[in-house]
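For reference, the structure discussed in these notes is given below.
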Amino acid sequence: MKSANSLMSGLGTTVFEVMSALAREHQSVNLGQGFPDDRGPQEVRAAAADYLLNGHNQYPPMMGIPELRQAVADHARRFQGLAVDWQTEVLITSGATEALGDCLFGLIEPGDEVVLIEPLYDSYLPIVRRAGGIPKLVRLEPPTWRLPREELASAFSDRTKLILFNTPMNPCSKVFDTEELDFIASLCLEHDAYAVCDEVYEHIVFDQHRHVSIMTLPGMRERSVRIGSAGKSFSLTGWKVGYVTAAPELMKPIAKTHQFMTFTTPPNLQWGVATGLRLADDYFVALAADMEGKRDRLANALAEIGFAVLPAHGTYFVTTDFRPLRFNGTDEDFCRYLTVEAGVTAVPVSAFYADASFAPRHFARFCFCKEEATLDRAVERLRSHFGR
Ligand code: PMP
Ligand code: GLN
Numbered sequence: 180m181k182s183a184n185s186l187m188s189g190l191g192t193t194v195f196e197v198m199s200a201l202a203r204e205h206q207s208v209n210l211g212q213g214f215p216d217d218r219g220p221q222e223v224r225a226a227a228a229d230y231l232l233n234g235h236n237q238y239p240p241m242m243g244i245p246e247l248r249q250a251v252a253d254h255a256r257r258f259q260g261l262a263v264d265w266q267t268e269v270l271i272t273s274g275a276t277e278a279l280g281d282c283l284f285g286l287i288e289p290g291d292e293v294v295l296i297e298p299l300y301d302s303y304l305p306i307v308r309r310a311g312g313i314p315k316l317v318r319l320e321p322p323t324w325r326l327p328r329e330e331l332a333s334a335f336s337d338r339t340k341l342i343l344f345n346t347p348m349n350p351c352s353k354v355f356d357t358e359e360l361d362f363i364a365s366l367c368l369e370h371d372a373y374a375v376c377d378e379v380y381e382h383i384v385f386d387q388h389r390h391v392s393i394m395t396l397p398g399m400r401e402r403s404v405r406i407g408s409a410g411k412s413f414s415l416t417g418w419k420v421g422y423v424t425a426a427p428e429l430m431k432p433i434a435k436t437h438q439f440m441t442f443t444t445p446p447n448l449q450w451g452v453a454t455g456l457r458l459a460d461d462y463f464v465a466l467a468a469d470m471e472g473k474r475d476r477l478a479n480a481l482a483e484i485g486f487a488v489l490p491a492h493g494t495y496f497v498t499t500d501f502r503p504l505r506f507n508g509t510d511e512d513f514c515r516y517l518t519v520e521a522g523v524t525a526v527p528v529s530a531f532y533a534d535a536s537f538a539p540r541h542f543a544r545f546c547f548c549k550e551e552a553t554l555d556r557a558v559e560r561l562r563s564h565f566g567r
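Quick note on this note's numbering: the sequence shown kicks off at 180 and runs consecutively.
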């Protein structure tokens, strides 16, 4: 038989699936894959449930139901001061994952260069490559994960079609500041490139940090794509509802891709998310405050147990250096060991690099978006395992 696509056939199974399966097998406390264990806002679920029973359960419009597209536009104005035309500039997708695929397949021409920032979310690179893009990787170094300006500037060329980046950033919990975004914007303008920004954690930002969308910077309104996810903003990761915002000309090829990938997204979930995006500011403030408390609870306990804990300014995650615990082995070994021997699952950070053998191998990512009792159970197990 002829072989299938070599790039896709050559991929392993995503680390999140691998670690969650291992967690189930060993009944460990799963702080690996990023999903909350609360139920999400009652009014959002009630709206989706009511629509499921009483609404129109046939194909919604290809771009998304008007109520949700309007809510996405209003939400962008409320939180980023962006004026967005809901009819021509908003697309609803089946999760940010589909949105990313739509953007990359819709914008990249084979041979285009694509700038990416490592560590990077694991769906980016395979899709860039499958779309024919040539990845130009720039690496952030721990513990500060500062943007290396010279390297970034040299990664851009006149062949650069776009930069794809993520802020707040998974896994390293960095929130790009305005100066860094300005610098990225200046490179996009200089090289006539687009910025595709994965902003799924836009509401999960801590301390004095603020989420700024690169789309709000001078000259970037027409050349940026902003991607959000209801999974993160409403703690409903299984719903897989994403939203894309882009200027009309940029949106066209993205929507063309969407129409042949999924065409549309379940209408009751869209309805529920529209309710969510219209929740009062209090909801979003409480979401960030709640996550910040969970971050502190887990990060402080991990530090007491002996991990070197890196700062986490946003997202669901905290990165830890496990070398102080004197473990001899890679991050993959460590995460497997921790699941089997201590009953707690984390994710090896090398999975967020193009090539794990050239990645740091001493970081484990723990997810803190859990009920306090879940975090406490994990901490108890780690304390008793490491004798702290
Ligand atoms: N981007 C990042 C950085 C993520 O962490 C995730 C994970 N949930 C996604 C995209 C995918 O989001 P969704 O579940 O909405 O597809
Ligand atoms: N984004 C989640 C994480 O980083 C996982 C999403 C997935 O499993 N596809 O843990």
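Yeah, the Cβ is synthetic: ideal placement off N, Cα and C, and Gly gets one too.
Item	Value
Extent of the continuous beta strand (DSSP E) run through residue 270	269-272
Reduced DSSP category for residue 392 - H, G, I as helix; E, B as strand; rest coil	coil
Status (buried if at least 16 other CB within 10 Å, exposed otherwise) for residue 519	exposed
Neighbourhood of ligand 1 [Cβ distance below 5 Å to any heavy atom], ordered by chain position	274, 275, 276, 300, 345, 349, 377, 379, 408, 410, 421
Beta carbon proximity, residue 289 to chain B, threshold 8 Å	Judged by its chain identifiers, the structure shown contains no chain B, having just a single protein chain.
Segment contact flag, the segment 526-543 with the segment 489-509, C-beta cutoff 8 Å, min 3 pairs	yes
Segments assigned alpha helix (DSSP H), at least 4 residues, entirely inside the segment 392-440	409-412, 427-440
Residue 543 - containing beta strand (DSSP E), residue span	542-546
Where the beta strand (DSSP E) containing residue 295 begins and where it ends	292-297
The segment 372-379 contacting the segment 208-226, beta-carbon criterion three pairs below 8 Å	no
Nearest-angstrom Cα separation, counted from residue 190 out to residue 407	26 Å
Opening and closing residue of the alpha helix (DSSP H) in which residue 460 lies	460-484
Length-filtered (3 minimum) beta strand (DSSP E) runs lying within the segment 339-396	339-345, 373-377
CA nearest to the CA of residue 342, picked from 473, 279, 419, 249	279
Contact test: residue 213 Cβ vs ligand 2 heavy atom, cutoff 7 Å	yes
Check: residue 195 C-beta below 7 Å from any heavy atom of ligand 2	yes
DSSP beta-bridge partners of residue 318	297
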